[in-house]
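Undergrad: Supplied in structure tokens, the structure appears directly below.
Protein chains: 2
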Amino acid sequence: MQRLGQYLPILDWAQSYGRATLTNDMVAAVIVTIMLIPQSLAYAMIAGLPPEVGLYASILPLVAYAIFGTSRTLAVGPVAVVSLMTATAVGNIAAEGSADYLAAAMLLAFLSGAMLLAMGFMRLGFIANFLSHPVISGFITASGLLIAASQLKHVLGVDADGHTLPEILSDIAENIGQTNMPTLIIGVAVVAFLYFTRLRLKSLLLGLGLSSRPADIITKAGPVLAIAATILATEIFKLGEAGVKLVGDIPAGLPVPALPSFDIELVMQLAGPAFLISIIGFVESVSVAQTLASRRRQRIDPDQELIGLGASNIASSLSSGYPVTGGFARSVVNFDAGAETPAAGAYTAIGIALATMFLTPLLAALPRATLAATIIVAVLSLVDLGAVMRVWRYSKADFIAMAATILGTLFLGVEIGIMLGVGLSILLHLYRTSKPHMAVVGQVPGTEHFRNVERHDVRIFPHILSLRVDESLYFANSRYLEDRVAALVAEKPALKHVILQCSAVNEIDASALESLEEINHRLSDAGICLHLSEVKGPVMDRLKRSSLLEDLTGEVFLSQHEAEQNIADRLALKETFTAAK
Amino acid sequence: MQRLGQYLPILDWAQSYGRATLTNDMVAAVIVTIMLIPQSLAYAMIAGLPPEVGLYASILPLVAYAIFGTSRTLAVGPVAVVSLMTATAVGNIAAEGSADYLAAAMLLAFLSGAMLLAMGFMRLGFIANFLSHPVISGFITASGLLIAASQLKHVLGVDADGHTLPEILSDIAENIGQTNMPTLIIGVAVVAFLYFTRLRLKSLLLGLGLSSRPADIITKAGPVLAIAATILATEIFKLGEAGVKLVGDIPAGLPVPALPSFDIELVMQLAGPAFLISIIGFVESVSVAQTLASRRRQRIDPDQELIGLGASNIASSLSSGYPVTGGFARSVVNFDAGAETPAAGAYTAIGIALATMFLTPLLAALPRATLAATIIVAVLSLVDLGAVMRVWRYSKADFIAMAATILGTLFLGVEIGIMLGVGLSILLHLYRTSKPHMAVVGQVPGTEHFRNVERHDVRIFPHILSLRVDESLYFANSRYLEDRVAALVAEKPALKHVILQCSAVNEIDASALESLEEINHRLSDAGICLHLSEVKGPVMDRLKRSSLLEDLTGEVFLSQHEAEQNIADRLALKETFTAAK
């Protein structure tokens, strides 16, 4: 039962579900539903899919997450970045608008769901840690720019294609002569209106005496107002006949549940992109969920989140949808509107299902330019150039990984961009640790503390070299340690004892063990004893399973202070002895 | 001039070249030449190339290394592992024995040389550090087994193909019925003879009153004796007519210098294997060179070694050769025979050139089984199962990488094997550091030293949590730190101060900085101050470029002792104050 509860968080909160919670969840669901309808249509457009697919992907996945997810307030569904990645992955395989394109998108969702589930059961949530913060931040910024560029064509009413910035822009430049004026006017007007609602409307409404929460909700409803207004304008001015591209007839009714077709070749082609989508979607979703959970002192379980998102994607795939994940904007709206349990998500699903059945005829006259304008405004808020500057100031290595991610994503595509960033951040990390900081240390007078001789006034002995290694010792830096010790020893002919202070050594792997044995052996040839100090418990436990401690010419001391004291005493004793002889 | 000297180590030693050195180098050269002739023929056979190509690859490369290399005693030429990798790389592209096969091998040497040179000029020698010791050791063991298996066919006189253990063994099993008896007798006899010379001959000779050095040299000449004997046997018993496969006519004379043909598609196909060959060859060569240099207290420069080996491979390519590197056995022989400068290598080159011109007719009657037997005995000594056991005992993670390398190499091929090992060792390293060891610490009574509360009897304060993080903080573990601090704080309701002891933190990257800011923020919400202690110089310098130090609710202390002392004093003061009120 406890084990079942681990995989079914719904058992946790459903027992104590009361009337007050029901009301709060219902209110939140209504607000999120209103927000989700235009968003779902728009994101389907980013993915190159028919608009109804966006709605389908906002029904069953929410129910699945309500059952398996651990966040109380996360709202799952299509999101911008994953939609872009879907367009890239599927666009390489089938022509936009074809049945194959949709089938590939469904298969992609299924694969992604299956991978997330597998990672969840194997508790592999830590894989997400390999995406460094600058890489994620850079990837989201670049994706925002790329999506905005890809939507420009809808605002201009021209044809354009391609999955990288140069491709998109050159296509648009080629066709700019065919710009449709009414379309452009709608697009620009909606962008202007949305920026107005975002930046000014709330303070205006507050000035008119409205209280904060309704003002907030009206502000968030900006896209819905824009949609209603442009549908009206289209009907009144017959804009469809003026060349304005419309959403057109959307099949009313719910999707028929069906398995995607498993073509083995297609599975092989989509496996890589599905993996990237899983990881990116997971990271995005978990960081949203963690942020919201910490505000109410709740916790989420990243490994169970993998299962929740996996179930959501499988559900999406089975209902003609495409890859989904937890979205930032809608989750914040859900949270702010007072949602208390995942049941709010299930109610939202009912709302979207009703809309899919009954509201779609109204949307036929919606100009695509309106949707494109809402997308552009939404995704440009993802672009965070301030973060780029902060990373530049703090760490050049992180900046390189971030810049590679951004440029790679914009110019080579989303998949290459993210892989470039991850690969580079791992290589740079290895490179940085391959030449670790090492400090010759001495005693701070009057204390038992040892610090770098170059930064502090410390006491040192001529016959003793104390070297603090500021890094775990492992394959990437073990040869460097050999070189460094050899060089330091060569500088000091009077040397009799070398003490390696291991306070910063958290691991000694098999390669480093070989190197230490080599160093011990070489120092011994030169008549120098090698000692270790402040070796950590776990490191010491492991060294006991090797022959280093037996072969060591010196000793292992609990503290650096004890080591120097002991050896200094012994040297003094020896000198006395020599003098007496 | 100094800059020129950096790239031309020959300028270093050529000035002081005297008669005694000349004699020593000449003697060593004669011995190495005798050893190299059969070895070169044999290694060419591993690579699937005509025997003379092995000789060609042992002439100009030695001259190039003598000019550009930094090791005084390294002997460059064809080696077993690189020959195997060549066979795999080229075998995927052309049929063995075809002109395309040879052309591809020459191009491979050129590409490998160009890559080594480029890495040398960019001083990228550290790339070799990414090969952990267990991965290299596992790779060499597996290559030894694979080469031995691939030579079985020559000992049996059957046809067999394939680049993985199952392929080779199933081919041999299929054709075992065609075994040629005279061939098998030669093969087994030579293997037995070589093991006898290796294990018994030296002590026998010493027993007969011979001194150590000539005994050693006679022992090392075992393969030459075996070759002479089997050539004689072939001539006497007309073994060629009995179905024993012979080396056959070798074109006498030196190779005509020529550029390899640069087909762009071929270059693309060979670039990956060339890179792997470069790195493996470099690592093998540098470790041999370093071992020998340290015996005579000399030093080698790994970055210049890249240039030396790069020049050697280009030279090999231009003279109809294939990829070369510094070999262990021949370098040791060169060293033991008394070589003092790289000139010995140049003299060896002259020796091989003379042999190529005048001795090759004698080799036509050499049975291939003899060469195969010498290879089998040589490569089986590379198999080091003891190392596998030692790594198993010391570190399971290293063992996993090692086992993956061995199994991957044997069953999937050399290229996949080595990449699997490197990839896995990097991932396992990241995984190990992603959940770093953290210890709650307290003061060892009577000292200023702080140790793990679970391992030592230490003094702790109820209002203060001192946490030592035993790892650099970076993207792979920054989220784990957030989780861990949150969990520890939740356990202790009385807590007012958290001190992060950073003595083991050698780096805080941009991701970890975000996490620290988040931790500081969350603790502040809970009324807890965050302090740092023992922050290292370089880490502190970087933190000053961020806003963390301004936002920090607590202070940064020089030592953990100072931090606890200070905070404990302050808490006492506060209590007095509260009491007085």
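Protein sequence lines correspond, in order, to chains A and B.
Anchor point for the first sequence: position 22 equals 22 in the UniProt record's numbering, and the numbering is continuous, going up by one each time.
Anchor point for the second sequence: position 182 equals 182 in the UniProt record's numbering, and the numbering is continuous, going up by one each time.
No residue lacks a Cβ here, since even glycine has one placed at the ideal position from N, Cα and C.
Values in this document were obtained by computation on a predicted structure and should not be read as measured data.
Can you tell which of A:Pro134, A:Glu167, A:Arg213 and A:Glu52 has the C-alpha that lies nearest to the C-alpha of A:Ile37?
TA: Taking the first residue of the first sequence as position 1, residue 37 of chain A is located at position 37. The residue with the shortest Cα to Cα distance from A:Ile37 is A:Glu52.
Undergrad: For A:Thr576, count the other beta carbons within 10 Å of its own beta carbon; 16 or more makes it buried, fewer makes it exposed. Which is it?
TA: Within the first sequence, residue 576 of chain A is the residue found at index 576, counting from 1. Any answer about A:Thr576 is weak, because its pLDDT of 42 lies below 50 and its placement is not dependable; what the coordinates show is given next. Flag for A:Thr576 reads exposed.
Undergrad: Please decide whether B:His456 counts as near chain A, where near means a Cβ-Cβ distance under 7 angstroms.
TA: As a first step, residue 456 of chain B must be located in the second sequence, where it is residue number 456. Chain A, which has no Cβ nearer than 7 angstroms to the Cβ of B:His456, makes this no.
Undergrad: Using the beta-carbon count (16 or more within 10 Å), is A:Gln15 buried or exposed?
TA: On the first sequence, residue 15 of chain A is found 15 positions in, with the first residue counted as 1. Its Cβ having fewer than 16 others within 10 Å, A:Gln15 is exposed.
Undergrad: Please decide whether B:His437 counts as near chain A, where near means a Cβ-Cβ distance under 7 angstroms.
TA: Numbered from its first residue, the second sequence carries residue 437 of chain B at position 437. It does: the Cβ of B:His437 has a partner Cβ on chain A nearer than 7 angstroms.
Undergrad: I'd like to confirm the pairing. Which residues does DSSP put opposite B:Phe557 in its beta bridges?
TA: Start at 1 with the first residue of the second sequence, and residue 557 of chain B comes out as number 557. Answer is B:Ser533, bridged to B:Phe557.
Undergrad: Check whether the region 217-224 of chain B and the region 31-47 of chain B are in contact - that is, three or more C-beta pairs closer than 8 angstroms.
TA: yes
Undergrad: Can you tell me the Cα-Cα spacing of A:Ala148 and A:Ser331, whole angstroms?
TA: Counting from 1 along the first sequence, the entry for residue 148 of chain A is found at position 148. Counting from 1 along the first sequence, the entry for residue 331 of chain A is found at position 331. A straight-line Cα-Cα distance of about 22 angstroms links A:Ala148 and A:Ser331.
Undergrad: Can you confirm whether A:Asp470, when its beta carbon is compared against all beta carbons of chain B, has any partner nearer than 7 angstroms?
TA: On the first sequence, position 470 is the one that residue 470 of chain A refers to. Chain B contact via Cβ: present.
Undergrad: Show which residues of chain A have a CB atom less than 9 angstroms away from the CB atom of B:Asn452.
TA: Counting from 1 along the second sequence, the entry for residue 452 of chain B is found at position 452. Within 9 angstroms Cβ-Cβ: Lys536 and Gly537.
Undergrad: Return helix, strand or coil for B:Ser511, following the three-state DSSP convention.
TA: Numbered from 1 along the second sequence, position 511 holds the residue referred to as residue 511 of chain B. Looking at B:Ser511 - three-state DSSP - the assignment turns out to be helix.
Undergrad: What separation, rounded to the nearest whole angstrom, lies between the Cα atoms of B:Val377 and A:Gly527?
TA: Along the second sequence, one-based indexing puts residue 377 of chain B at 377. Along the first sequence, one-based indexing puts residue 527 of chain A at 527. Whole-angstrom Cα-Cα distance: 39 angstroms.
Undergrad: Give me the DSSP bridge partner(s) of B:Met438.
TA: Here residue 438 of chain B corresponds to residue number 438 of the second sequence, with the count starting at 1. DSSP, once it has assigned bridges, lists B:Val469 as partnering B:Met438.
Undergrad: Go ahead and pull the three-state DSSP assignment for A:Phe461.
TA: On the first sequence, position 461 is the one that residue 461 of chain A refers to. Residue state, collapsed to three classes: coil.
Undergrad: Roughly how many angstroms separate the alpha carbons of A:Arg484 and B:Ala57, rounded to a whole number?
TA: In the first sequence, counting from the first residue as 1, residue 484 of chain A sits at position 484. In the second sequence, counting from the first residue as 1, residue 57 of chain B sits at position 57. So the two alpha carbons sit approximately 36 angstroms from each other.
Undergrad: From which residue to which residue does the beta strand (DSSP E) around A:Ile499 run?
TA: As a working note, residue 499 of chain A is residue 499 in the first sequence. A:Ile499 -> beta strand (DSSP E) spans His497 to Gln501.
Undergrad: In chain order, what residues of the same chain lie with their CB nearer than 6 angstroms to the CB of A:Leu318, ignoring the 5 residues before and after it?
TA: For the purposes of this step, residue 318 of chain A is identified with residue 318 of the first sequence, where counting begins at 1. Correct list, in chain order: Pro257.
Undergrad: Taking the C-alpha atoms as reference points, what is the distance between A:Ala580 and B:Leu206?
TA: Translated into the one-based positions of the first sequence, residue 580 of chain A becomes position 580. Translated into the one-based positions of the second sequence, residue 206 of chain B becomes position 206. With a pLDDT of only 34 at A:Ala580, under 50, the local geometry of the prediction cannot be trusted, and no value is derived from it.
Undergrad: Note down, in chain order, every chain B residue with its Cβ under 7 angstroms from the Cβ of A:Asn180.
TA: The residue labelled residue 180 of chain A in the question sits at position 180 within the first sequence. Within chain B, no residue comes near A:Asn180; the closest Cβ sits about 45 angstroms away, beyond 7 angstroms.
Undergrad: Sort A:Ile31, A:Ala229, A:Asp25 and A:Pro255 by Cα distance to A:Gly54 and report the nearest one.
TA: One-based indexing of the first sequence puts residue 54 of chain A at position 54. Considering only alpha carbons, the answer is A:Pro255.
Undergrad: So, at 8 angstroms on beta carbons, what are the nonlocal neighbours of A:Met1 in its own chain, with the 5 sequence-adjacent residues on each side left out?
TA: For this step, residue 1 of chain A is matched to residue 1 along the first sequence. Because the pLDDT of A:Met1 is 46, which lies under 50, any placement of that residue in the model is unreliable, and the number read from its coordinates should be weighed accordingly. Around A:Met1: no qualifying Cβ.
Undergrad: Ignoring anything shorter than 4 residues, give me the alpha helix (DSSP H) runs that lie fully in the region 1-41 of chain B, in order along the chain.
TA: DSSP runs (the alpha helix (DSSP H)) wholly in the region 1-41 of chain B: 2-7 and 10-14.
Undergrad: Scan the region 224-311 of chain B and note each continuous alpha helix (DSSP H) run of 4 residues or more that stays entirely inside, going in chain order.
TA: 264-295
Undergrad: Mind checking if B:Phe121 is an interface residue toward chain A, Cβ cutoff 7 angstroms exclusive?
TA: Stepping through the second sequence from its first residue, residue 121 of chain B is reached at position 121. Judged by the 7 angstroms Cβ criterion, B:Phe121 is not in contact with chain A.
Undergrad: I'd like to check one pair, B:Thr86 with B:Gln304: are the Cβ atoms closer than 7 angstroms?
TA: For the purposes of this step, residue 304 of chain B is taken as residue 304 along the second sequence, with counting starting at 1. For the purposes of this step, residue 86 of chain B is taken as residue 86 along the second sequence, with counting starting at 1. Cβ atoms of B:Gln304 and B:Thr86: not closer than 7 angstroms.
Undergrad: Around the C-beta of A:Val188, are 16 or more other C-beta atoms found within 10 angstroms, so that it is buried, or is it exposed?
TA: Translated into the one-based positions of the first sequence, residue 188 of chain A becomes position 188. A:Val188 is exposed by the Cβ-count criterion.
Undergrad: Is the beta carbon of A:Ala404 closer than 7 angstroms to that of A:Leu427?
TA: By one-based count along the first sequence, residue 427 of chain A stands at place 427. By one-based count along the first sequence, residue 404 of chain A stands at place 404. Cβ atoms of A:Leu427 and A:Ala404: not closer than 7 angstroms.
Undergrad: Rounded to whole angstroms, how far is the Cβ of A:Pro361 from the Cβ of A:Ala228, which I believe are closer than 8 angstroms?
TA: In the first sequence, counting from the first residue as 1, residue 361 of chain A sits at position 361. In the first sequence, counting from the first residue as 1, residue 228 of chain A sits at position 228. Not a contact, Cβ separation roughly 14 angstroms.
Undergrad: Select from the region 69-83 of chain A all residues with a C-beta closer than 8 angstroms to any C-beta belonging to chain B, and list them in chain order.
TA: Those would be none; no residue qualifies.
Undergrad: May I have the straight-line CA-CA distance separating A:Thr578 from B:Leu117, to the nearest angstrom?
TA: Position 578 of the first sequence, counting from 1, holds the residue named residue 578 of chain A. Position 117 of the second sequence, counting from 1, holds the residue named residue 117 of chain B. At A:Thr578 the pLDDT is 39, less than 50, meaning the model places this residue with poor confidence and gives no usable figure here.
Undergrad: Is the CB of B:Ala490 under 7 angstroms away from at least one CB in chain A?
TA: In the second sequence, residue 490 of chain B corresponds to position 490, counting from 1. Chain A, which has no Cβ nearer than 7 angstroms to the Cβ of B:Ala490, makes this no.
Undergrad: With 9 angstroms as the C-beta to C-beta threshold (strictly closer), list the residues of the region 177-209 of chain A near chain B in chain order.
TA: Taking 9 angstroms as the cut-off between beta carbons, none of the residues of the region 177-209 of chain A comes near chain B.
Undergrad: Strictly below 9 angstroms CB to CB, what residues from chain B border A:Ser132?
TA: Within the first sequence, residue 132 of chain A is the residue found at index 132, counting from 1. Ordered by position in chain B, the residues that pass the 9 angstroms Cβ test against A:Ser132 are Tyr474, Phe475, Ala476, Ser478, Asp509, Ala510 and Ser511.
Undergrad: State the DSSP-derived secondary structure class of A:Ala579, mapped to helix, strand or coil.
TA: Taking the first residue of the first sequence as 1, we reach residue 579 of chain A at position 579. Only weak support is given to the placement of A:Ala579: the predicted model assigns it a pLDDT of 32, under 50, and the value that follows is read from those uncertain coordinates. A:Ala579 falls in the helix class under three-state DSSP.
Undergrad: Tell me whether the beta-carbon of A:Phe328 lies closer than 7 angstroms to the beta-carbon of A:Val288.
TA: In the first sequence, residue 328 of chain A corresponds to position 328, counting from 1. In the first sequence, residue 288 of chain A corresponds to position 288, counting from 1. Yes. Within cutoff.
Undergrad: Out of curiosity, what's the CA-to-CA distance linking A:Leu266 and B:Ala271?
TA: Reading the first sequence from its first residue, position 266 is the one you call residue 266 of chain A. Reading the second sequence from its first residue, position 271 is the one you call residue 271 of chain B. Straight-line Cα distance between these residues: approximately 29 angstroms.
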